[in-house]
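Heads up: the sequence shown is residues 22 to 319, going by our numbering. Even glycine gets a Cβ: it sits at the ideal position worked out from N, Cα and C.
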Amino acid sequence: MYPAPFNYHRPGSLDEAVGLLAELGDTAKPLAGGQSLIPILKLRMDEPSDLVDIARLPGLHFARSEGGAIRIGALATHANIGRSPLVEDIPILGDCANGIADAQVRARGTIGGSVSSADPSADWPTLLCTLDAEIVCRGSNGSRNVPMRDFIRDSYTTVLGQAELVTEIRFKVPPANSGGAYIGYKKSAPAYPTASAGVQLTLADGNVCQQVRLALGASGPRPVTSEEAENLLRGKTLTQALLEQAAEAIVEVSDPPSDSRGTAGFKRAILHSLFVKAAHRAMERAGGSRIVGRHEYV
Ligand SMILES: Cc1cc2nc3c(=O)[nH]c(=O)nc-3n(C[C@H](O)[C@H](O)[C@H](O)COP(=O)(O)OP(=O)(O)OC[C@H]3O[C@@H](n4cnc5c(N)ncnc54)[C@H](O)[C@@H]3O)c2cc1C
């Protein structure tokens with residue numbers, strides 16, 4: 022099906038893009054990589070009057086480490102991030118970026134588009150919760166930083182105002198002896214995960230957990246986090262029994278829907294095992310192992 026007719030705009034700067042969105046009102050939409058929005062338009066699930074194409078705006082395609090922080094521009098594609106030197110030191114980024122869909126989608130889809138879509142199955146929002154990332158948003162009144170954990174309010178709903186754009190994702194460089202892992206359970210490569218789990222931790226001698234952040238994806242309307250599960254691990258020597266206990270605590274607060282990809286009970290079982298597996302991989306990476314991340318396939 023063809024999309025309904027729309028007016029197309031290609032602003033030359035961020036200021037112009039934000040100004041246009043404000044002027045055009047709430048029937049206008051930004052267009053980045055188009056990998057989520059164009060299928061929605063073709064299915065006529067949305068019929069915006071105007072598309073403001075931001076894909077070529079200058080200065081938003083970077084992915085770099087700067088002054089103790091990682092800064093990723095909203096227009097960095099999944100492929101840009103997966104191939105960036107950041108993946109060497111923060112391998113959980115590679116698990117996510119290189120595991121999204123296929124090469125075509127990774128070449129065009131952007132991290133800013135992924136967090137803004139707030140698809141409950143999307144990989145970046147879950148992953149970014151484990152890194153305590155902040156989303157930098159820019160509107161006509163200036164910029165504000167929103168923690169990833171507060172950015173998504175509900176399925177497909179964020180805190181973004183109508184004329185507000187995501188411009189950057191930021192988080193602190195993880196300290197020494199840190200490691201993370203993100204694993205999705207997928208039917209095939211170009212499919213969203215049925216369930217996913219991310220673990221980012223910092224270890225002291227003897228596998229003592231100094232810091233930890235956990236998140237589950239495709240497990241409810243927004244990424245699932247659990248301070249209770251994190252508190253079970255923080256300050257303790259990580260054992261299989263403790264990881265199983267933390268898995269139970271975080272899966273307990275998940276709410277995966279029963280759908281064509283599986284029943285809620287099936288997904289909870291998958292989430293439990295993905296979580297434990299991701300925790301082991303994160304521990305090995307914190308210990309210096311250079312394990313290449315892979316999703317689990319049906
Ligand atoms: C076949 C297929 C398989 C896929 N599989 C996966 C998968 O396994 N995992 C996964 O995570 N994703 C998957 N995706 C989605 C893909 O990652 C998209 O690239 C991403 O969700 C949206 O990014 P985009 O740049 O294409 O955004 P667009 O499609 O251009 O925009 C998406 C939405 O976000 C808004 N928007 C875009 N950029 C901004 C911004 N900077 N500020 C504010 N609003 C903005 C748009 O207005 C629109 O509402 C898949 C897509 C396809 C087509």
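| task | Verify whether the separation of the beta carbon atoms of T188 and N228 is less than 7 Å. | result | Sequence index remark: in the sequence shown, residue 188 carries index 167 (1-based). Sequence index remark: in the sequence shown, residue 228 carries index 207 (1-based). Cβ atoms of T188 and N228: not closer than 7 Å.
| For I271, which option in Q125, P106, G219 has the closest C-alpha, if you only look at C-alpha atoms? | Your numbering for residue 271 matches position 250 in the sequence shown. The shortest Cα separation from I271 among Q125, P106, G219 belongs to G219.
| field | DSSP state of K50 mapped onto helix, strand, coil | value | In the sequence shown, residue 50 corresponds to position 29, counting from 1. In the three-state DSSP reduction, K50 falls in the strand class (E or B).
| said: For S209 and S138, I'd like the C-alpha separation in whole angstroms. | reply: Looking up residue 209 in the sequence shown gives position 188. Looking up residue 138 in the sequence shown gives position 117. Distance between the alpha carbons of S209 and S138 is about 21 Å.
| Is the CB-CB distance between A239 and P214 below 7 Å? | The sequence position of residue 239 within the sequence shown is 218, counting from 1. The sequence position of residue 214 within the sequence shown is 193, counting from 1. Against a cut-off of 7 Å, the Cβ pair of P214 and A239 comes out as a contact.
| query | So does T48 have its beta carbon nearer than 6 Å to some heavy atom of ligand 1? | reply | Position 27 of the sequence shown, counted from the first residue, corresponds to residue 48. The answer is no for T48.
| task | Give the straight-line distance between the Cα atoms of F83 and A154, rounded to the nearest whole angstrom. | result | Translated into the one-based positions of the sequence shown, residue 83 becomes position 62. Translated into the one-based positions of the sequence shown, residue 154 becomes position 133. Taking the straight line joining both Cα atoms gives about 16 Å.
| Span separating the alpha-carbon of R104 from that of S135 | Numbered from 1 along the sequence shown, position 83 holds the residue referred to as residue 104. Numbered from 1 along the sequence shown, position 114 holds the residue referred to as residue 135. Cα to Cα, the separation comes out at about 18 Å.
| task | Flag S161 as yes when its Cβ comes closer than 6 Å to any non-hydrogen atom of ligand 1, and as no otherwise. | result | Sequence index remark: in the sequence shown, residue 161 carries index 140 (1-based). No.
| request: Determine, using beta carbons only, whether G205 and E185 come nearer to each other than 7 Å. | output: By one-based count along the sequence shown, residue 205 stands at place 184. By one-based count along the sequence shown, residue 185 stands at place 164. Taking a C-beta distance under 7 Å as the contact criterion, G205 and E185 do not qualify as a contact pair.
| query | Taking Cβ positions, are A128 and A95 nearer each other than 7 Å? | reply | Walking along the sequence shown from the start, residue 128 turns up at place 107. Walking along the sequence shown from the start, residue 95 turns up at place 74. Annotated as distal: A128 and A95, with beta-carbon spacing of 7 Å or more.
| query | Relative to the alpha-carbon of V157, which residue among L81, L264, D175, D140 has its alpha-carbon at the smallest distance? | reply | As a first step, residue 157 must be located in the sequence shown, where it is residue number 136. Per the Cα distances, L81.
| message | I'd like the list of long-range same chain contacts for P168, defined as Cβ closer than 6 Å, with 5 residues on each side in sequence excluded. | response | Locating residue 168 in the sequence shown gives position 147, where the first residue counts as 1. Cβ-Cβ distances below 6 Å link P168 to E155 in the same chain, with the five nearest sequence neighbours on each side left out; the list follows chain order.
| said: One question on the structure: do A118 and R191 come within less than 7 Å of each other, judged by their Cβ atoms? | reply: Start at 1 with the first residue of the sequence shown, and residue 118 comes out as number 97. Start at 1 with the first residue of the sequence shown, and residue 191 comes out as number 170. In this structure, R191 does not lie closer than 7 Å to A118 by Cβ.
| request: Using 10 angstroms around the beta-carbon of V313, count the other beta-carbons present and answer buried if the total reaches 16, otherwise exposed. | output: Taking the first residue of the sequence shown as position 1, residue 313 is located at position 292. Counting Cβ neighbours within 10 Å, V313 comes out exposed, since fewer than 16 surround it.
| query | Do D74 and L52 come within 7 Å of each other at the CB atom, strictly closer than that value? | reply | The residue labelled residue 52 in the question sits at position 31 within the sequence shown. The residue labelled residue 74 in the question sits at position 53 within the sequence shown. Going by C-beta atoms, L52 is nearer than 7 Å to D74.
| request: Report buried or exposed for T260, applying the criterion of at least 16 other Cβ atoms within 10 angstroms of its Cβ. | output: Working through the sequence shown from its first residue, we reach residue 260 at position 239. Taking all protein chains shown into account, T260 has fewer than 16 neighbouring C-beta atoms within 10 Å of its C-beta and is therefore exposed.
| said: Tell me which residues share the same chain as Y29 and place their Cβ nearer than 6 Å to its Cβ, disregarding the 5 neighbours each side in the sequence. | reply: On the sequence shown, position 8 is the one that residue 29 refers to. In chain order, L72 place their CB closer than 6 Å to the CB of Y29, counting only its own chain and leaving out the 5 sequence neighbours on each side.
| message | Let me check you understand the geometry: is the CB of A122 closer than 6 Å to at least one non-hydrogen atom of ligand 1? | response | Within the sequence shown, the letter at position 101 stands for residue 122. The answer is yes for A122.
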